[in-house]
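These notes are about the structure you will find just below.
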Amino acid sequence: MHSLAMLNISPPAMIIGATKGAWQMAEKRFILDYLNDILEAMVKAQTFLGDMSIQEFEADERTAYAVIRALEVAGEAARHIPEDITTRYPEVPWSDMIGMRNILIHDYIEVDLEAVWLTIKDDLPEAEHEIRRIVEELEND
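Take any residue in the sequence shown, note its place counting from 1, add 38, and you have its number in my numbering.
Structure representation (structure tokens):
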């Protein structure tokens, strides 16, 4: 039995068949799903953090854990956004999102909660706005 990678066939192509239009529609649907996962995670992270100060955030293990998990989910979903989309929308910090996810997943013992707090407060609102714009464009495309 051959692996999909060896055959250079992705799972959606197998499910949908060989028609290019169907593949493009499925690919667009998958991209939108990942973008919506990113948005949902961003909203959760901001909601969990609320108006906490950095000191309150550092002292609240439950909230810190929830916010970190939301950022992990956003970064994981960002890993699945195709290069043509990330290139088309360079205003979104795709590599930063993925990098943050990698740090949170692999260096979880040494997570800098101040950096997490600053990311939520300073960077997420603009990134969320840009991703909402991309979703709207793709849905209307």
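C-beta atoms are modelled at their ideal positions from N, C-alpha and C, and glycine is treated no differently.
Are the CB atoms of residue i and residue j nearer to each other than 9 Å?
| i | j | result |
| --- | --- | --- |
| valine 111 | glutamate 78 | yes |
| arginine 117 | isoleucine 136 | yes |
| glutamate 166 | valine 81 | yes |
| leucine 156 | leucine 109 | no |
| alanine 104 | alanine 83 | yes |
Given residue i, which residues of its chain have a CB within under 7 Å of its CB, disregarding the five upstream and five downstream residues?
| i | result |
| --- | --- |
| aspartate 176 | Sequence inspection shows leucine at residue 176; the aspartate mentioned does not correspond to that position. Only Lys66, Ile69 and Leu70 meet the Cβ criterion. |
| phenylalanine 86 | Thr101, Ala104, Val105 and Ala108 |
| isoleucine 158 | Ala83, Gln84, Leu87 and Val105 |
| histidine 40 | Caution is warranted here: a pLDDT of 41 is assigned to histidine 40, below 50, making its placement in the model unreliable, and no coordinate value can be reported. |
| isoleucine 47 | In this prediction, isoleucine 47 scores a pLDDT of 41, lower than 50, which makes its location untrustworthy; no coordinate-derived value is stated. |
| isoleucine 123 | Ile69 |
For the alpha helix (DSSP H) that residue i lies in, which residues bound it at each end?
| i | result |
| --- | --- |
| tyrosine 103 | 99-117 |
| proline 163 | 162-178 |
| methionine 138 | 132-144 |
| valine 154 | 151-156 |
| glutamate 121 | 121-126 |
I'd like the list of long-range same chain contacts for residue i, defined as Cβ closer than 8 Å, with 5 residues on each side in sequence excluded.
| i | result |
| --- | --- |
| asparagine 140 | Gly113 |
If you measure from the CB of residue i, is any heavy atom of the ligand ZN nearer than 8 Å?
| i | result |
| --- | --- |
| serine 133 | For the structure depicted, the ligand ZN is absent and the ligand set is empty, with no information on it obtainable. |
Beta-carbon within less than 6 Å of residue i's beta-carbon, same chain only, minus the 5 sequence neighbours each way: which residues are those?
| i | result |
| --- | --- |
| valine 173 | Leu73 |
For residue i and residue j, which I take to be in contact (beta-carbon distance under 8 Å), what is that distance rounded to the nearest angstrom?
| i | j | result |
| --- | --- | --- |
| leucine 151 | glutamate 96 | 5 Å |
| isoleucine 119 | valine 154 | The pair is not a contact, with the Cβ atoms about 22 Å apart (cut-off 8 Å). |
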